[in-house]
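Structure first, commentary second.
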Amino acid sequence: MNKKYPIVVSSDGSDSNAATTELTASAQNGRAYGAIKVDAAGAATSTGTETLADAKNLCTANTQAGTSPTLLQRSYYDGWRTIINWSQDPGRRLSTFATVDTNDTGYDDSVAIGTDGFPVISYRDNANGVLRVAHCNDAACATSTKTTLDSSGNPGLYTSNTGLYTSIAIGTDGFPVISYNENRRGELWVAHCDNVACTTATLTIVDATGYTGTYTSIAIGTDTFPVVSYLDATNADLRVAHCNDKACATSTKTTVDSAGNTGYFTSIAIGTDTFPVVSYWDPQNGDLRVAHCINVTCSGATDLTIVDAAGTTGSDTSVAIGTDGFPVISYQDRTSNVLRVAHCINVTCSGATDLTTVDATGWTGLHTSVAIGTDTFPVVSYWNASSGDLRVAHCNNAACTTATLTTVDAAGATGLFTSVAIGDDGFPVISYHDDTTRSLRMVHCANVACT
Numbered sequence: 159m160n161k162k163y164p165i166v167v168s169s170d171g172s173d174s175n176a177a178t179t180e181l182t183a184s185a186q187n188g189r190a191y192g193a194i195k196v197d198a199a200g201a202a203t204s205t206g207t208e209t210l211a212d213a214k215n216l217c218t219a220n221t222q223a224g225t226s227p228t229l230l231q232r233s234y235y236d237g238w239r240t241i242i243n244w245s246q247d248p249g250r251r252l253s254t255f256a257t258v259d260t261n262d263t264g265y266d267d268s269v270a271i272g273t274d275g276f277p278v279i280s281y282r283d284n285a286n287g288v289l290r291v292a293h294c295n296d297a298a299c300a301t302s303t304k305t306t307l308d309s310s311g312n313p314g315l316y317t318s319n320t321g322l323y324t325s326i327a328i329g330t331d332g333f334p335v336i337s338y339n340e341n342r343r344g345e346l347w348v349a350h351c352d353n354v355a356c357t358t359a360t361l362t363i364v365d366a367t368g369y370t371g372t373y374t375s376i377a378i379g380t381d382t383f384p385v386v387s388y389l390d391a392t393n394a395d396l397r398v399a400h401c402n403d404k405a406c407a408t409s410t411k412t413t414v415d416s417a418g419n420t421g422y423f424t425s426i427a428i429g430t431d432t433f434p435v436v437s438y439w440d441p442q443n444g445d446l447r448v449a450h451c452i453n454v455t456c457s458g459a460t461d462l463t464i465v466d467a468a469g470t471t472g473s474d475t476s477v478a479i480g481t482d483g484f485p486v487i488s489y490q491d492r493t494s495n496v497l498r499v500a501h502c503i504n505v506t507c508s509g510a511t512d513l514t515t516v517d518a519t520g521w522t523g524l525h526t527s528v529a530i531g532t533d534t535f536p537v538v539s540y541w542n543a544s545s546g547d548l549r550v551a552h553c554n555n556a557a558c559t560t561a562t563l564t565t566v567d568a569a570g571a572t573g574l575f576t577s578v579a580i581g582d583d584g585f586p587v588i589s590y591h592d593d594t595t596r597s598l599r600m601v602h603c604a605n606v607a608c609t
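Residue numbering for the sequence shown follows my numbering, beginning at 159 and increasing consecutively.
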């Protein structure tokens, strides 16, 4: 039986006919998306799907009726769908997609750029209940080396999994270090990789008091040691573990905020004052909050600030330090179901803050991740639940008061658990979960805005 496969088409906007005639979706920021059929000759017809053989026929064509004769077509088949990129500019670089791992995997992923210049991704393999790492063998992750680091979970049973809430950073020794949750006993773990590719690692239980270690986030402190923010679910507190060595064999743990039910969706970064800063959600009051540590270990008193208290807001947080030295935070406003960005006006994020609704299209702004681009402006990856798409907001200034919005992947239900990093070429790299194929995917953007 000849199966039917979706054919996903995109245009960079350089050919208006390609964007209007060949595609069935409307243009968004110079790029259009849609699904088409092909007839027996490989010509584009109406919306829908067609057989793989016909999809390949379309891939081999250099031009299509109704488009410019100089139209360049770039295409590839990723295992279940054919991606066709239209461009009239042969020199224009297009975003590159890769399916990194399959078989019900790619949950709770996190990406960083290794010292070899290639992305390395931590994630949960739900089919086997394990923590896995994919080390890309090139900048676009066309091929990768995948390793199971912690196999203490129970296959297919969510309540007995390990490798949840992963977060990855590159240590000062050049090796990846990963924080994650062991869900069966409710423990915070850290995996310190033994090499750049993370084919082996040293595993350490960092916190086993009560049920803890969810919503983890890791950064490397100015003292060269990892520091991890996380939720203590037993006490509903925000906690920080400061490692006393690069492998986190021992650590100092501190309850940073214990006011009510708080500490969800944590994200940590190291401020320009050398101290950690943590963004997180207070679901009891529905607020976005920031904790600014007063020392590198985040012990003792901490500056706590309510950043946004309008309605129920502040979930799905991610924090980065802008080129102005101040924290910038992406998050979801759950009252309006929109993507928002908060730009702090000082290192502690106290006082007035620039708050902007960046995307209000549908139910959006989930699974956010923020990084600072080489153009000095923030870039945010996130999931639009209404359309099931991976989206990117490229801020047009340091405060993100305006932004360019792009649908990066619209094929099926995709774009969950996004994580963004800036590649060595200066362009964003985004790892995410494709829920249609239950796979881990990565996109290597073609420019700083990921348009």
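In this text, a Cβ means the ideal position worked out from N, Cα and C, and glycines have one as well.
Check: Where N555 falls, given that 16 or more other Cβ within 10 Å makes a residue buried; Outcome: exposed
Check: Whole-angstrom C-beta distance between Y265 and H591, which should lie under 8 Å; Outcome: 6 Å
Check: G371 - DSSP class collapsed to helix/strand/coil; Outcome: strand
Check: Close beta carbons around P441, own chain, < 7 Å, minus the five adjacent residues each side; Outcome: N419 and Y422
Check: Cutoff 6 Å; reference L548; Cβ partners in own chain excluding five residues on either side; Outcome: V566, D567, T572, G573 and Y590
Check: Beta-carbon separation (whole angstroms), V486 vs C558, contact threshold 8 Å; Outcome: 7 Å
Check: Spatial distance of T263 from F585 (CA atoms); Outcome: 25 Å
Check: 8 Å contact criterion, which M600 and C351 should meet: CB distance rounded; Outcome: Incorrect: roughly 19 Å between the Cβ atoms, too far for contact.
Check: Terminal residues of the beta strand (DSSP E) in which I479 lies; Outcome: T471 to I479
Check: Burial state of S544, where buried means 16 or more other Cβ atoms lie within 10 Å; Outcome: exposed
Check: DSSP state of V385 mapped onto helix, strand, coil; Outcome: strand
Check: Alpha carbon of A510 to alpha carbon of T560, nearest angstrom; Outcome: 18 Å
Check: Integer-rounded CB distance, given that T595 should sit under 8 Å from T260; Outcome: 7 Å
Check: C-alpha distance - I271 paired with Q490, whole-angstrom precision; Outcome: 26 Å
Check: Proximity to T460 [Cα-Cα], best of H450, A467, A468 and G469; Outcome: H450
Check: Within 7 Å, strictly: CB atoms of K404 and D331; Outcome: yes
Check: Residue of D533, D474, I363 and T481 minimising C-alpha distance to V499; Outcome: D474
Check: Proximity winner among F433, S457, D390 and F383, relative to R343 (alpha-carbon distances); Outcome: D390
Check: Inter-residue spacing [alpha-carbon to alpha-carbon] between T324 and I336; Outcome: 7 Å
Check: Assigned exposure category for N339 - 16 Cβ within 10 Å defines buried; Outcome: buried
Check: Status (buried if at least 16 other CB within 10 Å, exposed otherwise) for N353; Outcome: exposed
Check: 8 Å Cβ shell around D593 - same chain, five flanking residues per side excluded; Outcome: G546, G570, A571, T572 and L574
Check: Close-in-space but distant-in-sequence residues of the same chain around N341 (CB under 6 Å, 5 per side omitted); Outcome: N319 and L322
Check: Residue environment, G371, which counts as buried when at least 16 other CB atoms sit within 10 Å; Outcome: buried
Check: Given V578 as reference, the closest of G444, S476 and N286 once Cα atoms are compared; Outcome: S476
Check: Nonlocal neighbours in the same chain, by C-beta distance under 6 Å from L497, ignoring five residues either side; Outcome: V516, D517, T522, G523 and Y540
Check: Cβ neighbour criterion (16 or more within 10 Å) applied to T564; Outcome: buried
Check: Residues near A366 by beta carbon distance below 6 Å, same chain, minus five either side; Outcome: E345
Check: Neighbourhood of D583 by C-beta, 7 Å cutoff - its chain only, sequence neighbours within 5 removed; Outcome: A297
Check: Chain-order list of residues whose beta-carbon lies under 6 Å from that of I426 (same chain, five-residue window excluded); Outcome: S375, A377, S387, P434 and V436
Check: Nearest neighbour of I464, chosen from H552, V454, N443 and D274 [CA to CA]; Outcome: N443
Check: Cβ neighbours of A198 in the same chain (closer than 6 Å, five flanking residues each side left out); Outcome: Here the model assigns A198 a pLDDT of 42, short of 50, so the residue's position is not dependable, and the following value carries that caveat. Correct list: empty, nothing qualifies.
Check: Span separating the alpha-carbon of I279 from that of W347; Outcome: 17 Å
Check: Length-filtered (3 minimum) beta strand (DSSP E) runs lying within the segment 315–343; Outcome: 320–328 and 334–340
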